[in-house]
Amino acid sequence: MTSILLACFAILIALPLGCGSDSSAAEPEPICFDSGPLPLGESIPSVDAECSLPATSAVVTDAHAQSGALSGLGSDSAITIVTCGTGTPIPSDRAQSCTAILVNGLFLLFDAGDGAQRSLERLQLPVAEIDAMFLTHFHSDHIADVGEVISRSWILGRTTPLTVYGGESVQRVVDGFNGVYALDDNYRVAHHGEDILTADVGRAEAHTIADPGAGGRVVFERDGVAVTAFTVNHPPIEPALGYRVDYAGRSVVISGDTTATASLLEMSRDADVLVAEVMNEELLETLECALRGGGMERNATLLRDIRTYHIGTRALGELAAEAGVGMVVLTHLVPGFDNDDPRAETLFGDEVAEVFSGEVVTARDGTTVTIE
Ligand SMILES: [Zn+2]
Ligand SMILES: [Zn+2]
Numbered sequence: 007m008t009s010i011l012l013a014c015f016a017i018l019i020a021l022p023l024g025c026g027s028d029s030s031a032a033e034p035e036p037i038c039f040d041s042g043p044l045p046l047g048e049s050i051p052s053v054d055a056e057c058s059l060p061a062t063s064a065v066v067t068d069a070h071a072q073s074g075a076l077s078g079l080g081s082d083s084a085i086t087i088v089t090c091g092t093g094t095p096i097p098s099d100r101a102q103s104c105t106a107i108l109v110n111g112l113f114l115l116f117d118a119g120d121g122a123q124r125s126l127e128r129l130q131l132p133v134a135e136i137d138a139m140f141l142t143h144f145h146s147d148h149i150a151d152v153g154e155v156i157s158r159s160w161i162l163g164r165t166t167p168l169t170v171y172g173g174e175s176v177q178r179v180v181d182g183f184n185g186v187y188a189l190d191d192n193y194r195v196a197h198h199g200e201d202i203l204t205a206d207v208g209r210a211e212a213h214t215i216a217d218p219g220a221g222g223r224v225v226f227e228r229d230g231v232a233v234t235a236f237t238v239n240h241p242p243i244e245p246a247l248g249y250r251v252d253y254a255g256r257s258v259v260i261s262g263d264t265t266a267t268a269s270l271l272e273m274s275r276d277a278d279v280l281v282a283e284v285m286n287e288e289l290l291e292t293l294e295c296a297l298r299g300g301g302m303e304r305n306a307t308l309l310r311d312i313r314t315y316h317i318g319t320r321a322l323g324e325l326a327a328e329a330g331v332g333m334v335v336l337t338h339l340v341p342g343f344d345n346d347d348p349r350a351e352t353l354f355g356d357e358v359a360e361v362f363s364g365e366v367v368t369a370r371d372g373t374t375v376t377i378e
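Put into structure tokens, the structure is as follows:
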């Protein structure tokens, strides 16, 4: 039998201390995910092809070559924003939270909810060239696809480690995904070889952002691009962060999930673009009442609770106007509508525009905004 001995995957995970305990106080312990000989069968059959290319043939590019061509999206002095996921946990055909920013050759990804990875690939964004991920908070609709982004970017050609930035507990989240994907990583290295897939690069590294406060703190600086994290208000979720990206006098703010709060207002001052979550409170209230009327108390209560920690259309418009932002891009639409549903424009964009005179874009998956 071909015994494939793999290097031990020493992965730091925070061990839970049991129900009700404060896991954040636990010291991370190294855990070995060495699976030993993998259950891959006796041997891997050889299927070498005998290739002879015709003089003229179609050009087939691999994902990395393709992404290299696309990286021009973030070149020069422009900032390009792509809403790769504009949905929420409320079902629709939208991918959940995902915003890509391409700036000065860097690819920064903010959140990766369910469907985010497939959306990134469908949009032909340069997945293999992701330079860093930033998580606003750890609700599932913002992190469900973090493992897929880590894994797929590696498979498609990422050659440098991927760092995932987030508030306290991001280590736990990243360790969890690394652990879940450890067997898959082993299989792929064993199958394709270290020359094709380097094991160390297959795992992500966590970068914990200690409480940045309402005033924010720069957490990432590279090639003239600065990312500032700041706290927002999404109770009871803590930490909940927003981010501001600055480059060459241009700026983009990502609200994360939040109510209208002073930190978002201050960090959005004079920003070119505010990418903001938004809810239609009246619609949520109507839906809640309909559910109560139908005897569906539990679901009605869930809808009621949603209204306590998001930002309404009018409040968002007023905040954007006071902050003096140039454009508001609406994402994370609550409740959800499919990408092609024209009611989204009416129920979100038009309402924000009633109190905000700048440009309002009701985003769908794939909406692209470039700040020249
Ligand atoms: Zn949330
Ligand atoms: Zn959310």
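Read in order, the letters of the sequence shown are residues 7 to 378 in our numbering.
We treat Cβ as the ideally placed atom computed from N, Cα and C, and that holds for glycine.
Remember, it's a predicted structure, so these values are computed and weren't measured experimentally.
Option nearest residue i by Cα separation, candidates the options
i: PHE343; options: ILE156, ALA84, SER146, GLY91; result: GLY91
i: ARG100; options: THR373, ILE161, ILE377; result: THR373
i: VAL170; options: ALA118, ASP191, GLU127; result: ALA118
i: MET285; options: ALA266, THR319, ALA268, ASP311; result: THR319
i: GLU291; options: ILE312, GLU272, ARG304; result: ILE312
i: ILE260; options: GLU283, THR267, ASN239; result: GLU283
i: ARG223; options: MET273, LEU189, GLY199; result: MET273
i: LEU247; options: ALA235, GLY255, ALA254, VAL258; result: ALA235
i: ARG194; options: VAL176, ALA220, LEU162, GLU174; result: LEU162
i: GLU365; options: ASP201, VAL176, GLY330; result: GLY330
i: GLY219; options: SER269, PRO241, ILE202; result: SER269
i: LEU114; options: GLY182, VAL231, ARG304; result: VAL231
i: GLY111; options: LEU189, ASP229, ALA321, GLY323; result: ASP229
i: GLN123; options: ALA254, HIS145, THR89; result: THR89
i: THR105; options: ILE96, ASP151, PRO97, ASP82; result: ASP151
i: GLU154; options: GLU200, ASP191, GLN177; result: ASP191
i: GLU288; options: ALA321, ILE156, ASP147, PRO241; result: ALA321
i: THR368; options: GLU378, ILE317, VAL281; result: VAL281
i: GLU324; options: THR267, PHE140, GLN177; result: THR267
Cross-strand partners of residue i (DSSP beta bridge)
i: ASP252; result: ALA232, SER257
i: GLN102; result: GLY93
i: GLY172; result: THR214
i: THR374; result: VAL88
i: THR237; result: LEU247
i: ALA55; result: Beta-bridge pairing links ALA55 to no other residue.
i: GLU227; result: ALA232
i: VAL109; result: ILE85, LEU112
i: LEU339; result: VAL284
For residue j and residue i, believed in contact at Cβ under 8 Å, the rounded distance
i: ALA210; j: VAL180; result: 5 Å
i: THR376; j: ALA84; result: 5 Å
i: VAL334; j: PHE362; result: 6 Å
i: ARG164; j: VAL225; result: With a Cβ gap of about 21 Å, ARG164 and VAL225 do not count as contacting.
i: ASN239; j: THR214; result: In fact, because the Cβ distance is near 21 Å, the residues do not count as touching under 8 Å.
i: ASP379; j: SER125; result: Since the displayed the chain opens at 7 and closes at 378, residue 379 lies outside it and no answer follows.
i: ILE136; j: LEU168; result: 6 Å
i: TYR249; j: VAL109; result: TYR249 to VAL109, Cβ: 13 Å. No contact.
heavy atom of ligand 3 below 7 Å from residue i C-beta
i: ILE312; result: Looking for ligand 3 in the displayed structure turns up nothing; the ligands present are ligand 1 and ligand 2.
Reduced DSSP secondary structure (H/G/I, E/B, other) of residue i
i: ILE87; result: strand
i: MET285; result: strand
i: MET333; result: strand
i: ALA220; result: coil
i: ILE156; result: helix
i: PRO60; result: With a pLDDT of 47 at PRO60, under the threshold of 50, the modelled position of this residue cannot be trusted, and the question is left open.
i: PHE144; result: coil
i: VAL279; result: strand
i: CYS38; result: Confidence at CYS38 is low in this model, with a pLDDT of 36, below 50, so the placement of that residue is unreliable and no value is reported for it.
i: MET273; result: helix
i: GLU365; result: strand
i: GLU6; result: It is not possible to answer for residue 6, since the shown part of the chain is limited to 7 through 378.
i: GLU294; result: helix
i: PHE183; result: helix
i: ALA13; result: At ALA13 the pLDDT is 28, less than 50, meaning the model places this residue with poor confidence; the figure from the coordinates comes in the next sentence. It is coil, neither helix nor strand.
i: LEU353; result: helix
i: ALA138; result: strand
i: LEU129; result: coil
i: GLU360; result: coil
i: GLY318; result: strand
i: ARG313; result: coil
i: THR307; result: helix
i: ALA150; result: coil
i: ALA188; result: helix
i: ILE202; result: coil
i: VAL209; result: The displayed chain sequence assigns Arg, not Val, to residue 209. It is coil, neither helix nor strand.
i: ARG194; result: helix
i: ARG164; result: coil
i: ILE323; result: The sequence given here places Gly at residue 323; Ile does not occur at that position. GLY323 falls in the helix class under three-state DSSP.
i: ALA268; result: helix
i: GLY299; result: helix
i: ALA122; result: helix
Residue list, Cβ distance to ligand 2 heavy atoms smaller than 6 Å
Matched residues: THR94, SER103, HIS145, ASP147, HIS148, ASP263, HIS338.
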